[in-house]
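One structure below.
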Amino acid sequence: MPSPADALPAEPGAGEPSITMFGPDFPFAYDDHLAHPAGLGRLPAAAHGREIAVVGAGIAGLVAAQELMKLGLRPVVYEADRIGGRLRSEPFRSSPETIAELGAMRFPPSATAFAYYLREAGLTTRPFPNPLSPATPSTVIELGGEAHYARTLADLPALFREVADAWAEALEYGADFARMQAAIRRRDVGAIKAIWNRLVPILDEESFYGFIARSQAFRTRSFRHREVFGQVGFGTGGWDTDFPNSMLEILRVVYTDADAGHRLVEGGVGQLPARLWSRAPARCVHWPAGTSLAALNGGAPRPGVAAIDRAPDGRLAVTDRWGRTATFDAVLVTCQTWLLSARIDCAERLFPPSMWMAMERSHYMQASKTFIMVDRPFWRDIDPATGRHVFSLTLSDRITRGTYLIDHGEGRPGVICLSYAWEDDAMKWMSLPAEERVRLALHSLRQIYPGLDIRAHIVGEPITVSWESDPNFMGAFKGNLPGHYRYQRRLFAHFRQEDMAPEHRGIFLAGDDISWTAGWAEGAVTTALNAVWGIVRHFGGATAPENPGPGDVWDDRQPMALPD
Ligand SMILES: Cc1cc2nc3c(=O)[nH]c(=O)nc-3n(C[C@H](O)[C@H](O)[C@H](O)COP(=O)(O)OP(=O)(O)OC[C@H]3O[C@@H](n4cnc5c(N)ncnc54)[C@H](O)[C@@H]3O)c2cc1C
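Each number in this note's numbering corresponds to the 1-based position in the sequence shown with 128 added.
Encoded structure:
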């Protein structure tokens with residue numbers, strides 16, 4: 129069993145420091161900041177007990193709320209749906225301890241701020257069964273009707289090795305890959321900035337596909353190489369759905385190993401937000417021992433927020449969907465920012481037009497997943513005729529795209545994510561009910577495994593999700609398009625409010641789409657810590673000099689600005 133101390137243990141390396149999600153845009157050591165005995169800051173006694181509204185009880189809202197509670201504020205949490213947001217571990221009704229991870233399901237060891245909270249919550253992890261990973265009994269890659277069975281990359285035809293080599297070459301020549309990873313390992317801010325600040329102006333307007341197609345490595349190989357790369361890609365596979373996105377988005381993932389060495393949270397990642405909500409931290413300023421967010425909020429968050437405006441006395445007025453209005457010195461909004469214009473009546477005067485533009489230009493990825501529970505992990509059975517597993521993790525160019533197998537051991541039900549699809553592939557599923565999704569996925573899989581009767585193993589009801597059709601999300605997570613760097617910088621930098629006009633101060637943003645690494649919970653956590661820094665300042669507090677926060681080092685490390 130893994131120990132809680134190793135919430136997201138990195139693969140053992142050759143004695144060199146591990147890669148972490150340190151930069152490249154804002155290289156700040158959030159993990160060290162969190163672990164420092166001086167804590168995240170101090171508030172003047174007059175601020176103790178003052179209320180702050182936190183909109184959204186996802187990981188960003190709950191991390192910020194917990195840290196602010198520890199510093200002596202009273203976070204008042206509003207939530208439109210359920211605690212956890214996109215960390216949603218949905219139990220199968222007939223076996224509640226068996227869960228489907230509808231949002232985040234695999235976490236890289238490089239996500240060290242996120243791992244800090246997993247450890248604090250006492251949660252354990254184990255390797256996630258990704259394509260060709262040691263935790264995966266076998267992988268089948270089926271493209272153009274041709275299926276390849278493999279346990280490691282070496283088992284695949286030479287074409288796959290050539291594609292992997294071409295990708296490594298493209299990254300090396302087009303994005304200084306090895307030097308950047310070395311700089312991230314050393315946490316060498318100067319070296320990271322030297323590489324990144326040269327690339328940002330060049331690659332902000334380059335799409336992922338453009339980068340691939342124009343690279344020497346792929347240009348000199350066949351179209352088939354580009355096609356196979358798109359469908360199998362790197363890490364978790366199937367990255368062609370990100371082809372229209374800015375190349376900078378992809379570099380952020382690969383430089384920081386965000387798509388490598390993934391682990392799953394035993395029992396479901398949804399336990400993390402649940403524990404942040406219900407457990408009392410070891411020590412809080414001002415609040416008595418045993419105080420938790422649940423206790424401060426009377427056991428339940430307030431309803432979803434319907435409106436935010438400036439009250440006549442200058443405070444911020446938050447109105448919930450049942451019409452109750454309360455005023456606060458500050459509000460932290462952690463839901464997807466589209467919701468500020470589409471579902472929350474947020475007064476325009478609270479943000480300058482440039483911020484509204486950045487929020488409206490957000491591009492969200494679509495994502496759908498369909499899960500079934502099965503009687504046992506039958507995919508470990510060997511077909512005596514072929515000597516191969518009867519069923520494997522499957523990457524395909526069919527509508528299912530990725531089929532993942534989650535094994536809880538013999539004697540317990542297994543979980544199959546029949547289909548994990550993004551963008552256009554996710555749109556194809558959107559209008560279909562769960563039963564039809566299962567039927568269609570099984571039909572596709574039958575073409576790959578003609579002799580296998582998956583139906584005979586199904587127990588319980590299927591579970592499915594399309595994040596874009598949920599009005600509290602309107603999309604899975606952000607994926608910046610070419611030319612979006614400036615917008616992302618505006619959103620990320622908004623937590624430093626000293627230079628803002630007074631009418632724009634007091635409303636803070638955090639969460640997945642404020643971060644540079646949307647689609648990774650690490651970004652939600654680290655932007656929550658930025659917001660904590662800004663809110664502490666807003667209430668007249670400061671960080672300890674020996675543990676400077678993200679806003680304190682801003683002048684030296686801020687993300688580069690591109691001219692407008
Ligand atoms: C399909 C999918 C796969 C993913 N895979 C991974 C992965 O493998 N690894 C990884 O690290 N990350 C992954 N992520 C990203 C990760 O889930 C997010 O980064 C993280 O959960 C976002 O947390 P958040 O607090 O920023 O936002 P959310 O979790 O969205 O929290 C915001 C909350 O605000 C609430 N809300 C909305 N409107 C209102 C309102 N009007 N009033 C009050 N509350 C409101 C919402 O209900 C929600 O609970 C994935 C996400 C998705 C969707």
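All C-beta atoms in this analysis are idealised placements derived from N, C-alpha and C, irrespective of residue type, glycine included.
In its chain, beyond the 5 residues on either side, Thr-226, Pro-505, Gly-542 and Val-543 have a beta carbon closer than 8 angstroms to the beta carbon of His-536.
Distance from the CA atom of Tyr-548 to the CA atom of Pro-691, rounded to whole angstroms, is 39 angstroms. In this structure, the CA atom of Arg-314 is about 13 angstroms from the CA atom of Tyr-383. Here the distance from the Cβ of Trp-450 to the nearest heavy atom of ligand 1 is not below 7 angstroms. Between the alpha carbons of Arg-254 and Pro-236 lies a distance of about 11 angstroms.
For Thr-528 and Ser-572, the gap between their C-alpha atoms comes out near 7 angstroms. Taking a cut-off of 8 angstroms for Cβ pairs, the stretch 642-652 and the stretch 146-155 touch, as three or more such pairs fall below it. The three-state secondary structure of Leu-201, taken from DSSP, is coil. With 16 or more other CB atoms across the displayed protein chains lying within 10 angstroms of its CB, Asp-553 is buried. Looking only at His-585, Phe-150 and Arg-216, the smallest Cα-Cα distance to Gly-398 is reached by Arg-216. Rounded to the nearest whole angstrom, the C-alpha separation of Ala-402 and Leu-190 is 9 angstroms. Going by C-alpha positions, Val-205 is about 40 angstroms away from Leu-327. Around the beta carbon of Leu-379, 16 or more other beta carbons sit within 10 angstroms, so the residue counts as buried. Burial is judged here by how many other beta carbons sit within 10 angstroms of a residue's own beta carbon; Thr-280 has fewer than 16 and is exposed.
Setting aside the 5 residues that flank it on each side, Glu-333 is surrounded in the same chain by Pro-610 and Gly-611, each with a C-beta closer than 6 angstroms to its C-beta; the list follows chain order. Relative to the non-hydrogen atoms of ligand 1, the Cβ of Glu-476 never comes closer than 7 angstroms to any of them. Using a Cβ-Cβ distance cut-off of 8 angstroms, the stretch 506-523 and the stretch 457-471 are not in contact, since fewer than three pairs of beta carbons, one from each stretch, lie closer than that value. Apart from the 5 residues on each side of it in sequence, Met-555 sits with its Cβ closer than 7 angstroms to the Cβ of Gln-494 in its chain, given in chain order.
According to the DSSP assignment, Val-291 belongs to the alpha helix (DSSP H) that extends over 286-303. By the Cβ-count criterion, Phe-351 is exposed, with fewer than 16 other Cβ atoms from all chains shown falling within 10 Å of its own Cβ. Minimum Cα-Cα distance from Arg-624 among the listed residues Ala-417, Asp-683 and Gly-607 corresponds to Asp-683. For Ile-211, the secondary structure class from DSSP, reduced to helix, strand or coil, is coil. Put simply, the backbone Cα of Ile-472 is about 17 angstroms away from that of Gly-213. Following the DSSP letters along the chain, one finds Phe-456 inside the beta strand (DSSP E) bounded by residues 453-456.
Closest in C-alpha terms to Ala-310, from the list Phe-667, Phe-371 and Asp-385, comes Asp-385. Residues Met-688 of the same chain have their beta carbon placed closer than 7 angstroms to that of Asn-325, with the five preceding and five following residues left out of the count. Short note on Cys-463: C-beta closer than 7 angstroms to some heavy atom of ligand 1. For the pair Leu-171 and Val-660, the CB atoms are not nearer than the 8 angstroms cut-off. Rounded to whole angstroms, Ala-232 and Ala-649 show a C-alpha spacing of 7 angstroms. Counting the other Cβ atoms within 10 Å of the Cβ of Trp-415 gives 16 or more, which makes it buried. Judged by beta-carbon spacing, Val-653 lies beyond the 8 angstroms limit of Ile-147, meaning their Cβ atoms are not closer than that value. Remark: the C-beta of Asp-553 is outside contact range of ligand 1, defined as less than 7 angstroms to any heavy atom. Taking 8 angstroms as the cut-off, the beta carbon of Gly-363 is found closer than this to the beta carbon of Asp-387.
Between ligand 1 and the CB of Asn-600, the shortest heavy atom gap is smaller than 7 angstroms. Distances taken from the Cβ of Asp-209 to the heavy atoms of ligand 1 include one shorter than 7 angstroms. Under the DSSP definition of a beta bridge, Thr-592 partners with Thr-498.
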